[in-house]
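S.K.: Residue numbering for the sequence shown follows full-length UniProt numbering, beginning at 1 and increasing consecutively.
For every residue, glycine included, the Cβ atom is placed at its ideal position computed from N, Cα and C.
Nothing here was measured: the structure is a model prediction, and the numbers come from that model.
Okay, handing you the structure first.
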Amino acid sequence: IKIINFSQLTKKIVDEKAAVIFFQSHGIIPEEKECSKKHQMKLQFGKQIRWRCYIKECKKESGVRVETWFQDTKILFKTAVSFIYWWEQEHISVDFCKKELEMNHNTNVDFNNYLQEVCLYVESRDQNPIGGKGKTVEVDKNYSSEGRTTVAACFSNSGVLEASAEKRSLAS
C-alpha cells in the first residue's frame, strides 16, 4: 500500500492541470473523450479546461467537468484533491477548510455530502459484492452513518487515497 502525505501531494499537485491529470490517472476524469460526432477530442488547458474536437467541420467543445462527478461543482480541482486528502484524515472542520483551503461554509458542507454520494454510487455499481458472491453481509448503519469509511474505501479503490481503508480498519 502506497501512503502519500500532504507534503508529497502538494509537490505533485501544483496547479489545476496537475490536479486534472491526477484525477485522470485515477479514473475520476476520463483520459479520452469523443464528441457527439464520434471524433476524438483533445483536452485543452487554458483559462478554462475543456475538451475540444479539432476536426475542421466539427469544432465541438465540452467542459472537463461534463459527465464526471464534478459536473455540478465549481470547486477548483486542486482544492478538491486537498479536500479529499483532509476529508480522509477526518480534518475538514469549516474553520480548517476556510483557513487552509479557502473554502466557504456551504462549499465545505456540499462537497462533504457530495463525496459521500459519489462513493455510495461507486459502491452500488461495484460488481464484487462485499463478502463475495452468494454471501449475505449485514451493514452496521451506526458504524457507517458518517460515510467516511465508505468514501475512504471508494477513493482507496480508485487509488486516490490508497491507505485509507486499511487505516480505518486498524483504528476500529
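Any chance the CB of Phe23 is under 7 Å from a heavy atom of the ligand FAD?
M.R.: Among the components modelled here there is no ligand, and therefore nothing to report on the ligand FAD.
S.K.: Express the C-alpha separation of Phe45 and Trp87 in angstroms, rounding to a whole number.
M.R.: Residue 87 sits at position 87 when you count from the first residue of the sequence shown. Residue 45 sits at position 45 when you count from the first residue of the sequence shown. Taking the straight line joining both Cα atoms gives about 27 Å.
S.K.: Helix, strand or coil: how does DSSP classify Gly147 here?
M.R.: Counting from one through the sequence shown, the residue named residue 147 turns up at place 147. Interpretation of Gly147 is limited by its pLDDT of 41, a score under 50 that renders its predicted location unreliable; the figure taken from the coordinates is listed afterwards. Of the three classes helix, strand and coil, the one that applies to Gly147 here is coil, per DSSP.
S.K.: Kindly identify the DSSP beta-bridge partner or partners of Lys33.
M.R.: Numbered from its first residue, the sequence shown carries residue 33 at position 33. Its beta-bridge partners are Met41.
S.K.: Excluding sequence positions up to five away, which residues of its chain have a Cβ less than 7 Å from the Cβ of Phe6?
M.R.: Position 6 of the sequence shown, counted from the first residue, corresponds to residue 6. These residues qualify, in order along the chain: Tyr85.
S.K.: Indicate whether Asn108 and Cys97 have their beta-carbon atoms separated by less than 8 Å.
M.R.: Position 108 of the sequence shown, counted from the start, is the residue given in the question as residue 108. Position 97 of the sequence shown, counted from the start, is the residue given in the question as residue 97. Result yes, Cβ atoms of Asn108 and Cys97 sit closer than 8 Å.
S.K.: Helix or strand or just coil, what does DSSP make of Trp86?
M.R.: Stepping through the sequence shown from its first residue, residue 86 is reached at position 86. Helix, per DSSP.
S.K.: Taking Ser62 as part of the beta strand (DSSP E), name the residues at either end of that continuous run.
M.R.: Stepping through the sequence shown from its first residue, residue 62 is reached at position 62. Residues Glu61 to Gly63.
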